[in-house]
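Numbering (the numbering used here), first residue to last: 8 to 136.
Using N, Cα and C, we set each Cβ at its ideal position, and we do this for glycine too.
None of these values were measured; they are calculated from a predicted model.
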Amino acid sequence: MGQSFHPGSLAVLVVEDDALLRAEAVDLCIEAGFTTYEARNADQAIRLLERHTDICVLFTDIEMEGTMDGLKLAHAVRERWPPVSIMVTSVRRKVTKEDLPESGMFFAKPYSPDDIVKALNGIAAQVMG
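Here it is in structure tokens:
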């Protein structure tokens with residue numbers, strides 16, 4: 008795919024409560040050359056962010072069980088880890104720029120895998136300068 012970064016040098020955190028959709032998103036991120044972590048809810052995601060400083064992208068669904076939904080998680084991550092890029096997805100919610108944290112991106116489900124890879128590669132290019 009012509010990555011301009013060392014494969015595995017950057018990481019994505021996929022947060023999705025549906026196991027099948029999470030597995031598909033994880034595979035997509037791995038194929039794009041990213042180290043990939045996965046969580047089924049916001050609480051797990053926060054713990055992973057605290058442990059893994061290589062995470063540069065949060066890719067989260069909005070609808071999930073737990074203490075916060077994906078939008079609240081996205082805002083919490085923007086506040087606590089400002090350099091982390093935010094990608095949000097949903098099948099039910101219509102999300103506007105105002106709903107997202109600064110520089111957040113929204114992808115309606117079903118999203119195009121090519122659009123996700125393109126966004127990830129764009130983030131990698133910015134991070135790696």
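Where does Met-138 fall in DSSP's three states?
Residue numbering for the chain in the displayed model covers 8 to 136; residue 138 lies beyond these limits and cannot be assessed.
In angstroms, rounded to a whole number, what distance separates the CA positions of Asp-122 and Asp-34?
Position 115 of the sequence shown holds residue 122. Position 27 of the sequence shown holds residue 34. Rounded to the nearest angstrom, the two C-alpha atoms are 15 Å apart.
Please look up how many angstroms separate the CB atoms of Ala-32 and Phe-66, rounded, as I've assumed it's under 8 Å.
What you label residue 32 is simply residue 25 of the sequence shown in a count that begins at 1. What you label residue 66 is simply residue 59 of the sequence shown in a count that begins at 1. Contact flag correct, Cβ pair sits at about 6 Å.
Which two residues bound the contiguous alpha helix (DSSP H) that contains Leu-78?
As a first step, residue 78 is located in the sequence shown; it is residue number 71 there, counting from the start. Here the alpha helix (DSSP H) through Leu-78 covers 77-87.
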